[in-house]
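Those protein sequences? They're chains A and B, same order as listed.
The numbering used here puts the first residue of the first sequence at 180, with every later residue one more than the last.
The numbering used here puts the first residue of the second sequence at 999, with every later residue one more than the last.
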Amino acid sequence: MPLTRRQLLAAAGAASAPLALSACGGFSTSGRDSGASASSGTVTFTTWGTDAELAGLRAAISSFEQANSGVKVTLNSVPYEQMFTTIDAQLQAGNPPDVFRVPYYTFGSYAGRGQLLDLSSHLDSGFSDRFTPQAWAAVQNGGKPYGVPHHTDTSVILYNKALMESAGVTDVPTRIEDAWTWQEFEDVAKRLRQKLPDDKWPFAYNWQGNGVTRWLSWLFEADGRFLTEDLTAAAIDSDAGRAAVEFTQGFFRQNLVPQNSSVKSSTYAADLWYSGTTAMNFGGAFLVPDATTTAGFEWGVTFPPKNVRSAGDFGGNALVATKAAKDPALVAKFLDHVTQKQPMADFCAGASLLPTRADLVQEGIEFTVRPELSPVFVAQAGAVLPRDSGQVASPSMSAIITVLKDQLEEAFVGDQDAATTVRNLADGIGAAVAR
Amino acid sequence: MSTVPAATAATAPPGVRAPDPPRRGRRGPRRGAVKEALAAYGFLAPGLVLLGTFVFVPLAGAAALSLQRTNGFGDGVWVGLDNYARLFTDPVFWRATLNTVLFTLVVTPGSMALGLGAAVLLNSVLPARGLFRSVLILPMAVSGVATALVGVLVFDQNSGFANAVLRALGLPGVDWQSGGTAAFVTVVLVTLWWRTGFNMLIYLAGLQGIGRETLEAATLDGAGPWQRFRYVVVPMLGPSSFFLVVMNVIYSFQVFDIVFVLTGGGPRNATTVLVTYAYDNGFVTRDQGYAATIGVFLLVVSLAFTWLRWRTSRTKDLVG
């Protein structure tokens, strides 16, 4: 029977209806899948991660489930790009997961706005003793813990041996006590500048994108602060602040770094180094597996420079429980489990990340890939002080990041002098914490 | 029982029976019209539901959000028009507005001119024109993010293809990423590459609707090739041009992915546009009320432009 036009349209309408409905259904289902647990024996956990990180987390979940019969942990793995738009939407809709993973510099945005579970009453007394002081400080808000420090990472210098040797730099520090001073580092960079061709540069720094918080390492090395101790006002308008801006501004003015490696650049420092454009790259331990397979040259690592003291960025991620968690005691038990010695050691070794447990830092760990490099990263992570990492846990960090990006960009690729930059940073940070 | 309507009965001469109205004919169209309307609404319903759920409701939500100060969690604080007042004193907002307008002014005529040129060429008896058409339309099938990543490879100022070509020709390299003007140019060039195919496709459809006899008549009247193009072809492409101007302006005002990936809005906000600025405010700074205000501003400007273009276009309804 031939179809009439009306019948055809009706059929098309009917056929499209399930598609339209499934589109609506799909939208809401994704929230339900990763939402709060339906029973007290279930923990929902949303994270992003590399294959190695997810393998480590799955192993920890498996051992937790074995140790707690009848308990189920549902892991929801999402791409990093979607992680926080998903989490924010779920929090706003009132159906967040019980546990999620969060960078330390974003932690304060959730903890300071009443979205996370205060773990004080759910953790054993003395629980904090297992962590290094700087790690524990990074998950505090108003003096209370709102998460557990799962792992950390910090930047060291990864260097291209051939390019360094071409400039006669063969002696690099092998102990943190012997790290170059700012002046020595600048001398090395200048020597490289003289010897390298015009299309290669001495180094690039990893402050692009949200990595702008890594600039704070220079401030900390000059023994400066960007927030007061109670985190309620700006403290960057200081000699240390001006020294840090002036020194880092010099990288661009003396052509020691590629001009397209500023804080707002879309070109990442690691990519410049992989392509042989730079001799040295500031990067974290998470780069080690990638560098091993991507860099087509022999490379090593050394400590970043020091000034008044050694310092570093407290990178890495915490695990936090949401305020809406159905079974806070079970969630706390899970957080306790994943930060026990063996699960953390396995996770960090497999994913090339650094532990936050004091005993593992003391004993050291061995990365699965390039294990001989582990001591450099572990020692450098020890240079991060609690008073540094505690500032990054500020609830205003997301607004502070924007201020840092805007002002450092003006100083690096604009013509804004160091004193003006520091004044503007202080004004912007002051406004951000007052908001 | 009379079936004559009261009005008809009243006007009929005495003794003359008013003719029976065609019963089926009178009731038929009314029932048919109702059924037709119901069918139309039935077919429209899925689209209207989707449009309402995913466009109009969020738009109303954004308008309400623009009147609040909120960090995205919990209830916001109603601040009236404070966010709108803030726009006037925010230099980055004005820089983003200027960049967006400049981008629109360059990309809209540029992509339309290139699209028209390509369409005219590919509407002729060019050998392998099917292949060329496909090549030009292909960028439409590539996502904006992937297009921008290709742009990064081409315009990387240290190791990109563009500077390699310039240096091979003995010319100095260009600071495509660290120079403000050059970075803006890269965004324009990549967008033109991406959008020309779409413009060509619409113009090609328009060209194929122009009758051969019209052009022959113009030729017989003594019009040369340029005169035929300028005074016959271009006016007859009016509806295509109207559609493309509106679409290009809206797309240009909404540009995000290419800028976000290619330049990140830098250097020094030289390529920051309204949508990337709204994104930064909403998802980096988490000042979602202010981000919504920028979005509402963008909506109002787009609507105003579309209305203005609609009122001033003389050729929008011509068949082309």
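Every residue, glycine too, gets a C-beta built ideally from N, C-alpha and C.
A quick note: this is a predicted structure, and the numbers were derived from the prediction, not measured.
Alpha carbon to alpha carbon, how far is Y325 (chain A) from L1079 (chain B)? To locate residue 325 (chain A), count along the first sequence from 1; it is residue 146. To locate residue 1079 (chain B), count along the second sequence from 1; it is residue 81. Near 36 Å, if we compare the C-alpha coordinates of L1079 (chain B) and Y325 (chain A).
First through last residue of the beta strand (DSSP E) which encompasses Y453 (chain A): Counting from 1 along the first sequence, the entry for residue 453 (chain A) is found at position 274. Run containing Y453 (chain A): none in the beta strand (DSSP E); it sits in the alpha helix (DSSP H), A448 to Y453.
At the level of alpha carbons, what is the spacing between D366 (chain A) and P376 (chain A)? For the purposes of this step, residue 366 (chain A) is identified with residue 187 of the first sequence, where counting begins at 1. For the purposes of this step, residue 376 (chain A) is identified with residue 197 of the first sequence, where counting begins at 1. Rounded to whole angstroms, D366 (chain A) to P376 (chain A) spans 17 Å at the Cα level.
For G293 (chain A) and chain B, any beta-carbon pair shorter than 8 Å? Residue numbering aside, residue 293 (chain A) sits at position 114 when the first sequence is read from its first letter. Closer than 8 Å: yes.
Taking the C-alpha atoms as reference points, what is the distance between L583 (chain A) and G291 (chain A)? The residue given as residue 583 (chain A) occupies position 404 in the first sequence. The residue given as residue 291 (chain A) occupies position 112 in the first sequence. Whole-angstrom Cα-Cα distance: 20 Å.
Give me the Cα-Cα distance between R549 (chain A) and N1069 (chain B), rounded to the nearest whole angstrom. Within the first sequence, the letter at position 370 stands for residue 549 (chain A). Within the second sequence, the letter at position 71 stands for residue 1069 (chain B). Their Cα atoms are separated by approximately 43 Å.
Collapsed DSSP secondary structure at P1125 (chain B) in the structure displayed: Within the second sequence, residue 1125 (chain B) is the residue found at index 127, counting from 1. The answer is coil: DSSP assigns P1125 (chain B) none of H, G, I, E or B.
Measure the Cβ-Cβ separation of T501 (chain A) and Q294 (chain A) and say whether it is below 8 Å. Taking the first residue of the first sequence as 1, we reach residue 501 (chain A) at position 322. Taking the first residue of the first sequence as 1, we reach residue 294 (chain A) at position 115. Cβ atoms of T501 (chain A) and Q294 (chain A): closer than 8 Å.
Around the C-beta of K443 (chain A), are 16 or more other C-beta atoms found within 10 angstroms, so that it is buried, or is it exposed? In the first sequence, the residue the question calls residue 443 (chain A) occupies position 264. Flag for K443 (chain A) reads buried.
Nonlocal neighbours in the same chain, by C-beta distance under 6 Å from Q519 (chain A), ignoring five residues either side: As a first step, residue 519 (chain A) is located in the first sequence; it is residue number 340 there, counting from the start. Correct list: empty, nothing qualifies.
DSSP-derived helix/strand/coil call for S1311 (chain B): Against the second sequence, residue 1311 (chain B) aligns to sequence position 313. Residue state, collapsed to three classes: coil.
Which of the three DSSP states, helix, strand or coil, is assigned to T360 (chain A)? Here residue 360 (chain A) is taken as the residue at index 181 of the first sequence, counted from 1. Strand.
Segment limits, beta strand (DSSP E) that includes A458 (chain A): As a first step, residue 458 (chain A) is located in the first sequence; it is residue number 279 there, counting from the start. Residues T457 to G462.
Compare the C-beta of Q245 (chain A) with all C-beta atoms of chain B and state if any pair is closer than 8 Å. Counting from one through the first sequence, the residue named residue 245 (chain A) turns up at place 66. No, Q245 (chain A) lies away from the interface with chain B (no Cβ there is under 8 Å from its Cβ).
At least one CB of chain B closer than 8 Å to the CB of A613 (chain A): is that the case? The count along the first sequence starts at 1 and reaches residue 613 (chain A) at position 434. Chain B contact via Cβ: absent.
Please tell me whether S441 (chain A) has its Cβ less than 8 Å away from any Cβ of chain B. Numbered from its first residue, the first sequence carries residue 441 (chain A) at position 262. With 8 Å as the cut-off, S441 (chain A) counts as an interface residue toward chain B.
Determine the direct distance from the alpha carbon of V1247 (chain B) to that of Y1201 (chain B), and round the result to whole angstroms. Translated into positions along the second sequence, residue 1201 (chain B) becomes position 203. Translated into positions along the second sequence, residue 1247 (chain B) becomes position 249. Cα to Cα, the separation comes out at about 17 Å.
Just to confirm my understanding: we take M523 (chain A), look at its own chain, exclude 5 residues before and 5 after, and list those with CB closer than 8 Å. What are they? Locating residue 523 (chain A) in the first sequence gives position 344, where the first residue counts as 1. Around M523 (chain A): H329, H330, V517, P534, T535, R536 and L539.
Within its chain, find whatever has a CB closer than 8 Å to the CB of C203 (chain A); leave out the 5 residues flanking it on each side and keep chain order. For this step, residue 203 (chain A) is matched to residue 24 along the first sequence. Model confidence at C203 (chain A) stands at a pLDDT of 34, short of 50, so the residue's coordinates are unreliable and nothing is read from them.
Contact with chain D by L1260 (chain B), beta-carbon distance below 8 Å: Among the protein chains in the structure shown, which are A and B, there is no chain D.
Name, please, each residue of chain B whose Cβ falls closer than 9 Å to the Cβ of I580 (chain A). Translated into positions along the first sequence, residue 580 (chain A) becomes position 401. The answer, in chain order, is V1282 and T1283.
Helix, strand or coil: how does DSSP classify R370 (chain A) here? Sequence index remark: in the first sequence, residue 370 (chain A) carries index 191 (1-based). Helix.
How close, in whole Å, do the beta carbons of I336 (chain A) and F461 (chain A) come, if the pair is a contact with beta carbons under 8 Å? Along the first sequence, read from residue 1 onward, the residue named residue 336 (chain A) stands at position 157. Along the first sequence, read from residue 1 onward, the residue named residue 461 (chain A) stands at position 282. Yes, they are in contact, since the Cβ atoms of I336 (chain A) and F461 (chain A) sit about 6 Å apart, within 8 Å.
Smallest Cα separation from A613 (chain A): which of A:L587, A:V592 and A:M576? Your numbering for residue 613 (chain A) matches position 434 in the first sequence. Nearest option by C-alpha distance: A:M576.
Y338 (chain A) - partner residues in DSSP beta bridges: As a first step, residue 338 (chain A) is located in the first sequence; it is residue number 159 there, counting from the start. Note: Y338 (chain A) sits in a beta bridge opposite A:M459 and A:G479.
Partner residues on chain B for T264 (chain A), Cβ-Cβ distance less than 9 Å: Taking the first residue of the first sequence as position 1, residue 264 (chain A) is located at position 85. In chain order: F1281.
Check whether chain B comes within 8 Å of L620 (chain A), counting only Cβ atoms and requiring the distance to be less than that. Given that chain A is displayed from residue 180 to residue 614, the structure contains no residue 620 (chain A) and the question cannot be resolved.
Output needed in chain order: residues of the segment 377 to 408 of chain A with a Cβ under 7 Å from some Cβ in chain B. D378
Determine the direct distance from the alpha carbon of G1040 (chain B) to that of V1185 (chain B), and round the result to whole angstroms. The sequence position of residue 1185 (chain B) within the second sequence is 187, counting from 1. The sequence position of residue 1040 (chain B) within the second sequence is 42, counting from 1. Spanning the two alpha carbons is a distance of roughly 43 Å.
Residues in the segment 1243 to 1269 of chain B having any Cβ partner in chain A nearer than 7 Å: V1259, L1260, T1261, G1262, G1263, G1264, P1265 and R1266
Are the C-beta atoms of S1300 (chain B) and some chain A residue less than 8 Å apart? As a first step, residue 1300 (chain B) is located in the second sequence; it is residue number 302 there, counting from the start. False, the Cβ-Cβ gap to chain A never drops below 8 Å.
Checking contacts by CB at 8 Å: is S1311 (chain B) closer than that to chain A? Within the second sequence, the letter at position 313 stands for residue 1311 (chain B). No, its Cβ sits nowhere closer than 8 Å to a Cβ of chain A.
Within 8 Å of any Cβ in chain A, is that where the Cβ of G1050 (chain B) sits? Locating residue 1050 (chain B) in the second sequence gives position 52, counting from the first residue. It does not; no Cβ of chain A falls within 8 Å.
Short CB-CB distance (under 8 Å) between S1176 (chain B) and chain A: As a first step, residue 1176 (chain B) must be located in the second sequence, where it is residue number 178. With 8 Å as the cut-off, S1176 (chain B) counts as an interface residue toward chain A.
Between T456 (chain A) and chain B, is any beta-carbon pair separated by less than 8 Å? Along the first sequence, one-based indexing puts residue 456 (chain A) at 277. It does: the Cβ of T456 (chain A) has a partner Cβ on chain B nearer than 8 Å.
Strictly below 9 Å CB to CB, what residues from chain B border G326 (chain A)? On the first sequence, position 147 is the one that residue 326 (chain A) refers to. Going along chain B, no residue has its Cβ under 9 Å from G326 (chain A), so there is no contact; the nearest lies around 16 Å.
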